[in-house]
Amino acid sequence: MNRRPTAILISGRGSNLAALLAAAADPSYPARIALVLSNRPDAAGLDRARTAGVPAAVVDHRTFRGDRAAFEAAVNERLDAAGVEIVALAGFLRVLTEGFVARWQDRLVNIHPSLLPAFKGLDTHARALAAGVKIHGCTVHLVRAGVDEGPILAQAAVPVLDEDTEATLAARVLEQEHRIYPPALAALAAGRVRIAGGRAIVTGAAAPAGALANPLPAPAAPPTPSTG
Ligand code: GAR
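Shown next, in the form of structure tokens:
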């Protein structure tokens, strides 16, 4: 099978990277992780890549002193040298220029910890709690020039519970990130994504039955015994 050479771009912990590496360890997975690239030399995810035997590179944005075009040129050089065809952002916390996004049009995918288009940007879990939403979640999407914009490939929703803190909510969402990112990247790599009118149509995947509601309607009260 022709597995598409894919780069994962990270800035830190790399738990989504770990989920993607685990999926790609299966030889039938349609993406092959050809490179893990971090903009921070201390990103924990770099060790995950090395442990998995995947080439890891650092392009430290600080050495470019704010010259984003030069930073991205250095990133592109690494991507090209590794023969990369698809770029997956996994907690990569640099905003990319229009030029970079255009170069990787429809081959650049991101995961964001909210149900887009709600809560673009940072601190999504704190903002979801402050807004009082009852359902929150995560989104995998193709990247466009606007921050956290682009055709949506997959979303997962979780309930927001009354006792949630930012940490408990983040953990519930993160579990779903690890669940939806590998199949979304697989769909892209396998050519099962078509863009129509700004929407992504993903074929070859099943839609779930049922719906998530939070809170659930109160259970019906038990019938009161009749006294005859
Ligand atoms: C993830 O929650 C990801 O959705 C988020 O950063 C975290 C990285 O965790 N990304 C963004 O906020 C991008 N706007 P990880 O390094 O453990 O995968």
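Using my numbering, the letters of the sequence shown map in sequence onto residues 59 to 286. C-beta atoms are modelled at their ideal positions from N, C-alpha and C, and glycine is treated no differently. Small disclaimer: the values here were computed from a predicted structure and weren't measured.
query: Mind checking aspartate 206: buried by the 16 CB within 10 Å criterion, or exposed?
result: When all chains shown are included, aspartate 206 counts as buried.
message: Please report the distance separating the alpha-carbon of valine 117 from that of glycine 268.
response: Going from the Cα of valine 117 to the Cα of glycine 268 covers about 45 Å.
Nearest neighbour of glycine 203, chosen from Thr155, Ala188, Leu173 and Glu233 [CA to CA]: A small fix is needed here, since residue 203 is alanine in this sequence, not glycine. Minimum Cα distance to alanine 203 is reached at Thr155.
Distance cut-off 8 Å: glutamate 224 Cβ against heavy atoms of the ligand GAR: Checking the Cβ of glutamate 224 against the ligand GAR gives no.
- prompt: Is any heavy atom in the ligand GAR found nearer than 8 Å to the beta carbon of proline 175?
  reply: Incorrect: proline 175 has no Cβ contact closer than 8 Å to the ligand GAR.
query: Regarding phenylalanine 150 and the ligand GAR, is the C-beta to nearest heavy atom distance less than 8 Å?
result: Within the cutoff, so yes.
field: DSSP three-state assignment for alanine 73, whether helix, strand or coil
entry: For the record, residue 73 in the displayed sequence is serine; it is not alanine. Serine 73 falls in the helix class under three-state DSSP.
message: Using 8 Å for Cβ pairs, my map puts arginine 165 next to valine 145. What's the rounded Cβ distance?
response: Between arginine 165 and valine 145 the beta-carbon gap is near 6 Å, inside 8 Å, which marks them as a contact.
message: Taking a contact to mean a Cβ-Cβ separation below 9 Å, would you say leucine 75 touches alanine 107 in this structure?
response: Cβ distance < 9 Å, so leucine 75 and alanine 107 count as in contact.
Residue range of the beta strand (DSSP E) that includes threonine 64: Counting along the chain, the beta strand (DSSP E) containing threonine 64 begins and ends at 62–68.
message: According to DSSP, simplified to helix, strand and coil, what is arginine 161?
response: It is helical.
field: Rounded C-alpha distance that separates arginine 257 from alanine 189
entry: Alanine 189 has its alpha-carbon roughly 27 Å from the corresponding atom of arginine 257.
task: Reducing DSSP to helix, strand and coil, say where proline 232 ends up.
output: For clarity, residue 232 is leucine in the given sequence; the question names proline instead. Taken through DSSP and simplified to helix, strand or coil, leucine 232 comes out as helix.
task: Measure from the alpha carbon of alanine 271 to the alpha carbon of each residue in Leu200, His194 and Gly111, then state which is nearest.
output: Comparing Cα-Cα distances from alanine 271 to each of Leu200, His194 and Gly111, the minimum goes to His194.
field: Pairwise C-alpha distance: isoleucine 66 and alanine 114
entry: Taking the straight line from one Cα to the other gives about 10 Å.
- request: Report back the beta-carbon spacing between tyrosine 239 and isoleucine 169 to the nearest angstrom; my notes put them in contact at under 8 Å.
  value: Confirmed, Cβ separation roughly 5 Å.
message: According to DSSP, is arginine 252 part of a helix, a strand, or is it coil?
response: Residue state for arginine 252 is assigned as strand, using DSSP reduced to three classes.
- request: Would you check if the distance between the CB atom of arginine 98 and the CB atom of serine 73 is smaller than 9 Å?
  value: Going by beta carbons, arginine 98 and serine 73 fall outside the 9 Å limit.
- prompt: If you draw a straight line from the C-alpha of alanine 263 to the C-alpha of phenylalanine 158, how long is it?
  reply: Whole-angstrom Cα-Cα distance: 30 Å.
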